[in-house]
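**Q** Numbering (this note's numbering), first residue to last: 10 to 168. Mind looking over this structure? Questions follow.
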Amino acid sequence: AIARLAAAGITLKILSGDDPVIVRRIAGLVGIDAEDVLSGPDIEAFSDEALAVRAQAVHAYGRLAPDQKSRIVKALRARGAVVGFLGDGINDSPALKVADVGLSVEGATGVAQAAADMILLAPDLEVVADGVEEGRRTFANILKYVRMGASSNLGNMLS
């Protein structure tokens, strides 16, 4: 799923409350670049603008408080990124709310589910990859229909 999302042009990042050493290890196991892992105290030292620049290059974060997760999401959005955030705990709810798309999973805390835009029925990134592919296919078909409708209406107006 991670490879499929990457092939679709989606950059994955890990924002966790866990220790940065654990985050680095998990990121390495799933194929996410974790050469540089920032921690909550690191984040606090950055201005919003500096964080926006740094957040584009860093893919793994550890020992984050809930407000730091949402601050990273806001920083990415400030630089033009469309951000989806997948979370399952109360501590993820602020970031779920500020993301363009908040995703939670069945079995997550009620607070996380309430903050999310979508609730996935399976806790698997394959579901997200499938959704991205289907959404892009649907969007392309809508554009085709709009073009066809506009061109036929133009023809009717000219005749």
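Just so you know, even glycine gets a beta-carbon here, dropped at the ideal spot from N, CA and C.
1. Below 8 Å, can you find three or more Cβ-Cβ pairs linking the stretch 129-139 to the stretch 98-106?
2. In terms of residues, what are the limits of the alpha helix (DSSP H) holding Leu60?
3. How many whole angstroms separate the CB atoms of Asp97 and Thr118, which I take to be in contact at a CB cut-off of 8 Å?
4. If Arg88 and Asp109 are in contact, beta carbons under 8 Å, what's the gap, nearest whole angstrom?
5. Return yes when at least one heavy atom of the ligand SAH lies under 8 Å from the C-beta of Tyr154, else no.
6. Nearest by alpha-carbon distance to Lys83: which of Leu95, Ile99, Gly71, Glu58 is it?
7. Using the beta-carbon count (16 or more within 10 Å), is Leu129 buried or exposed?
8. Here's the rule I'm using: 16 or more other beta-carbon atoms within 10 Å means buried, otherwise exposed. How should Tyr154 be labelled?
9. Under 8 Å: do the stretch 23-33 and the stretch 148-167 share three or more Cβ pairs, one atom per stretch?
10. Taking the alpha carbon of Ala66 as the reference point, which residue from Asp76, Ile81, Leu167, Leu38 has its own alpha carbon closest?
11. If you drop the 5 nearest sequence neighbours on each side, which residues of the same chain put their C-beta closer than 6 Å to that of Val46?
12. Starting from the C-beta of Ala43, find all residues in its chain whose C-beta is less than 6 Å away, skip the five residues before and the five after it, and write them out in chain order.
13. By alpha-carbon positions, which one of Arg63, Ala15, Val141 ends up nearest to Ile41?
14. CA-CA distance, Glu115 and Leu60?
15. Can the beta-carbon of Leu73 be found less than 9 Å from the beta-carbon of Leu24?
16. Less than 9 Å separating the beta-carbons of Gly49 and Asn100?
**A** According to the structure shown:
1. At 8 Å Cβ cutoff, the stretches do not touch.
2. 57-66
3. 7 Å
4. Actually they do not touch by this definition, with Cβ atoms about 13 Å apart.
5. Absent from the structure shown: the ligand SAH. Ligands present: none.
6. Glu58
7. Per the 10 Å Cβ criterion, buried.
8. exposed
9. no
10. Minimum Cα distance to Ala66 is reached at Ile81.
11. Pro29, Val32, Arg33, Ala69, Gly71
12. Arg33, Ala36, Gly37, Ala69
13. Measuring from the Cα of Ile41, the nearest candidate turns out to be Ala15.
14. Cα to Cα, Glu115 sits roughly 32 Å from Leu60.
15. yes
16. no
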